[in-house]
Each structure stands twice: as C-alpha cells, then as structure tokens.
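>
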C-alpha cells in the first residue's frame with residue numbers, strides 16, 4: 236500500500252511500475268488521474284489551491300484503502316493526493332489499483348475516488364477569472 | 236479516437252499524454268491495462284498467443300468506442316489490443332478514457348472492456364506448464 | 020461466391036481456415052451451417068455448438084442473419100480477448 | 020484541554036484556525052458547538068450550518084460523538100478534494 240499526500244507532482248508511469256513490478260498475479264490495473272480543468276461550476280479556472288487537514292488526511296486515505304481491501308480482492312493500491320498551489324492542467328490526484336480480477340480493480344478504484352470525494356479532508360479554492368472562490372461540494 | 240491492433244508493446248505514459256495533451260476540458264482520466272498473469276483457470280501460464288480476425292477487429296473496437304460515446308460524455312478515447320506471442324507479465328490491452336466527469340470516464344472504460352471481452356474477435360491460446368490450451372470464454 | 024472463415028479452436032477442429040461456397044440456395048447464415056454440416060460428423064458437431072459465434076461482413080451475426088453473394092461469413096468460438 | 024481546529028471557508032469566516040477549550044462540561048461534540056456559538060452570531064451561524072462536517076481525533080464524527088479531555092476536534096465545510 237502506498238498512500239501519499241504531497242505538494243510535488245507524480246509520474247503516472249512510475250506509479251504504474253510500482254503496481255506491476257514483480258507482480259505476476261494481477262492481470263488488471265486501473266488508474267485514475269484527476270486534473271485541474273478549465274471550467275468548473277460555471278467559472279473559468281486559472282488554477283487552484285488545495286488546503287487540507289494535515290494530521291487527518293493520511294489517516295483518512297488509509298481508512299478508505301483498508302475499506303476497499305475488505306470489499307474486493309486487490310493486489311496493490313496507491314493513492315496520491317497533491318496539496319498547495321496548482322495550475323490549469325496540473326495533476327491533482329492519482330488512484331492506482333491492481334487485481335487478479337478486472338471488475339474488482341474497477342469497483343475498488345471508483346469506490347476509493349467516490350469516498351475520497353466525501354470523506355478526505357481536502358478543500359479546493361479556485362483562482363478564477365472573476366476572483367478566488369471555494370469550490371462547492373457536490374455531495375449528494 | 237485512437238483504436239489500434241498491433242503486435243508491438245505500448246507505453247502507458249505515451250498513451251496518457253495523448254489523452255491529456257492540450258486537453259484542458261477533461262478533469263478525469265481512467266486507464267485500464269490488462270497483463271498476462273501467471274495463473275488462469277487453474278493453469279500455470281508461461282505465455283500466450285493472441286489470434287484475431289484481422290478484417291474485423293478494428294471495426295469491432297471502433298463500434299464499441301462509438302457506442303460508449305453515445306452513452307456517456309467523453310473527451311478522448313484510446314483502445315489498443317496486442318496480437319501475436321506474449322510472455323508472462325506482458326501488456327495485452329490498453330483502454331484510456333478522458334472526460335469532464337469522473338463517473339462517465341469510469342463507466343465508459345468499464346463498458347469498453349466488458350464489451351471487448353464479449354464482442355471483439357480475439358482468442359487467447361495459453362502456453363502452460365502442462366501444454367498449450369485455448370482459454371475458455373467467461374461469457375455469462 | 021461466399022467466403023467462409025474459421026478461427027481459433029474451430030479452425031483447428033475443422034483443419035480449415037477458409038473456403039468458398041456457391042451462393043446459390045444460401046439466404047441466411049443457417050443455410051451455410053446446414054450445408055457445411057453435410058461434410059461429416061466433425062463439421063456438423065462443431066458448427067452446431069451452442070456457443071458458436073458468427074459474423075457477416077465483419078459484424079456479429081446470428082443464424083438468421085441474411086447472407087448475399089459476395090459476403091464474407093466467419094464462424095468462431097466465444098471470444099477471449101482483453 | 021481540548022484542541023479545536025477550523026478549515027477552509029469556516030476558518031476564513033471565523034478568522035480563526037485553532038483554539039483551545041477547557042474540557043469541563045464537554046461530553047460530546049455538540050457541547051463544543053453550543054459553547055462556541057455563544058461567541059456571537061457569526062460563530063453561531065457557521066457552526067450550526069446544515070452541512071458542517073466534524074472530526075474527533077482525525078476521524079469523521081457527528082454532533083453526538085463523545086469528546087474527552089486531550090482530544091483534537093475539527094470543524095470544516097464539506098470536503099472538495101479529488
């Protein structure tokens with residue numbers, strides 16, 4: 236298990252290698268990359284700042300990963316979330332899951348992202364063409 | 236749209252760049268990589284040979300891609316399937332999808348893989364420790 | 020003429036990857052199956068397997084799919100790619 | 020003492036990121052909310068927002084979650100990471 240909260244960027248290929256190197260058991264690898272997009276909730280984005288609750292973030296992500304492992308048969312799992320100032324097009328979050336079973340890899344990856352979006356203490360403040368604004372939660 | 240059937244290997248990072256380069260609209264990228272795993276349907280695998288129906292494979296994959304685009308809001312889609320002789324641990328298939336919406340990217344990626352598994356004319360013949368065998372379909 | 024193709028296990032079982040048939044009397048895929056089944060018990064059994072898949076002009080088809088002269092018709096076992 | 024933290028919009032609204040409270044008379048998170056609401060209408064409104072999230076010792080919590088002396092309690096708006 237790799238769970239990281241960092242300001243630095245990540246490299247998809249390096250993360251993929253970590254998931255598959257010496258791993259001949261898992262035939263399925265699903266990755267999710269989230270990026271800063273140009274238009275959100277009706278606002279034109281220049282960049283954003285990710286605030287978090289440092290003492291809690293890792294713990295929250297590890298809990299999500301543990302719950303995914305309870306529900307599905309998983310091989311390796313990596314979760315990386317960036318914090319600090321990001322620009323348009325920058326990578327924000329990476330979730331990588333390997334499994335013997337395709338369906339498990341997909342389901343776990345999606346569960347991790349869904350739960351991260353509702354339970355992990357990160358907040359996005361966007362720099363938009365009309366000034367800064369806190370992103371509104373899309374929680375149902 | 237990139238749909239490729241080839242003997243050569245593919246590079247995840249290069250395919251990821253193709254999905255995101257100059258693409259500031261899509262905040263979500265989901266990739267699936269399928270690899271030759273060591274143990275399948277009770278047999279120990281040394282490698283496998285992928286046979287296909289050359290005149291039909293591209294057409295079948297393009298049809299799957301078009302159907303995915305009808306169902307979900309997608310940005311860029313890449314499907315790569317290898318054919319010929321592959322060894323243990325080799326990459327077999329890549330599906331990459333970008334979208335404004337995380338859920339669309341996940342759903343389309345999974346749909347493409349599911350449909351590829353039932354509709355695209357590829358057949359795996361495994362080299363196992365007890366001799367060659369055609370992989371049995373797992374169609375429901 | 021109608022071009023007939025076989026793939027994977029089916030190709031090995033029949034020891035045949037390709038043949039041509041006169042289009043006369045062939046209206047649907049099942050007419051081809053019926054005709055080829057007369058080649059013997061191996062052909063009859065293989066072409067009437069429950070899970071047999073088929074394609075007409077590179078599109079997945081069924082036994083009642085129409086076939087015209089000049090078409091390409093393929094038979095194969097359930098696919099196992101991905 | 021109980022350590023109280025605020026994040027994101029809430030931190031800006033209250034103009035406060037951290038404070039400490041005496042643990043006396045505090046049994047649940049809602050006791051903290053009640054106590055801090057006495058600081059004025061801004062605090063009262065912000066801490067009684069319908070979607071307010073809270074954590075006790077870095078685990079998501081509810082208004083009726085138990086709080087002990089020495090705990091760290093955090094309040095924040097709905098998260099928007101990912």
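Residue numbers (the working numbering), protein chains in the order written: chain U, 236 to 375; chain B, 236 to 375; chain Y, 20 to 101; chain P, 20 to 101. Glycine residues also receive a C-beta, built at the ideal position from the N, C-alpha and C atoms. Since the model is a prediction, treat every value here as computed from it, not as a measurement.
#1: Mind checking if residue 309(B) is an interface residue toward chain U, Cβ cutoff 8 Å exclusive?
#2: Under 8 Å between C-beta atoms, does residue 306(B) make it to chain U?
#3: Applying the criterion that 16 or more other CB atoms from any shown protein chain within 10 Å of the CB defines a buried residue, is residue 274(U) buried or exposed?
#4: Along the chain, where does the beta strand (DSSP E) that runs through residue 26(Y) open and close?
#5: Rank 307(B), 359(B), 284(B), 266(B) by C-alpha distance to the C-alpha of residue 315(B) and give the top, closest one.
#6: Hey, how far is the Cα of residue 281(U) from the Cα of residue 355(U)?
#7: Counting C-beta neighbours from all protein chains within 10 Å, is the total for residue 331(B) 16 or more, i.e. buried, or is it exposed?
#8: Taking the continuous beta strand (DSSP E) assigned at residue 72(P), which residues delimit it?
#9: Who are the neighbours of residue 32(Y) on chain B, taking C-beta pairs under 8 Å?
#10: Please confirm if the stretch 26-35 of chain Y is in contact with the stretch 85-96 of chain Y, defined as three or more CB-CB distances below 8 Å between the two stretches.
#11: Might you give, ordered along the chain, the residues of its own chain that have their beta carbon closer than 7 Å to the beta carbon of residue 375(U), omitting 5 neighbours on each side?
#12: Rounded to the nearest angstrom, what separates residue 347(B) and residue 366(B) at their Cα positions?
#13: What are the uninterrupted segments assigned as beta strand (DSSP E) that are 3 or more residues long and contained completely in the stretch 237-302 of chain B, given in chain order?
#14: Is it buried or exposed for residue 279(B), if we count other Cβ within 10 angstroms and need 16 for buried?
#15: Between which two residues does the alpha helix (DSSP H) holding residue 50(Y) run?
#16: Measure the alpha-carbon distance for residue 92(P) versus residue 37(P) and round it to whole angstroms.
#17: Let me know the secondary structure DSSP gives residue 180(U) once reduced to three states.
#18: Nearest-angstrom Cα distance between residue 368(U) and residue 34(P)?
#19: Alpha carbon to alpha carbon, what distance is there between residue 54(P) and residue 44(P)?
#20: Run down chain A in chain order and give the residues with a C-beta less than 9 Å from the C-beta of residue 322(U).
#21: If you reduce the DSSP assignment to three classes, tell me which class residue 69(P) lands in.
#22: Is residue 371(U) helix, strand or coil when you go by DSSP?
#23: In chain U, what lies closer than 8 Å to residue 315(B) by C-beta?
#24: Mind listing the chain Y neighbours of residue 359(B)? Cutoff is C-beta to C-beta under 8 Å, in chain order.
#25: Enumerate in chain order the residues of its own chain whose CB-to-CB distance from residue 362(B) is below 6 Å, with the five nearest sequence positions on each side excluded.
#26: What does the Cβ neighbour count give for residue 352(U), buried or exposed, with the cut at 16 atoms within 10 Å?
Result, derived from the coordinates:
#1: no
#2: no
#3: exposed
#4: Unbroken run through residue 26(Y): none, as it is neither H nor E.
#5: 266(B)
#6: 24 Å
#7: buried
#8: 72-75
#9: Ordered by position in chain B, no residue passes the 8 Å Cβ test against residue 32(Y), which lies about 10 Å from the chain.
#10: yes
#11: Caution is warranted here: a pLDDT of 46 is assigned to residue 375(U), below 50, making its placement in the model unreliable, and the coordinate value is therefore given only provisionally. Excluding positions up to five away in sequence, the list is empty.
#12: 32 Å
#13: 237-241, 263-270, 278-287
#14: exposed
#15: 48-56
#16: 10 Å
#17: This structure leaves residue 180(U) out entirely; chain U is present only between 236 and 375.
#18: 17 Å
#19: 10 Å
#20: Absent here is chain A; the protein component of the structure consists of chains U, B, Y and P.
#21: coil
#22: coil
#23: In chain order: nothing, as chain U lies at least about 14 Å away.
#24: 99, 100
#25: 281, 282
#26: buried
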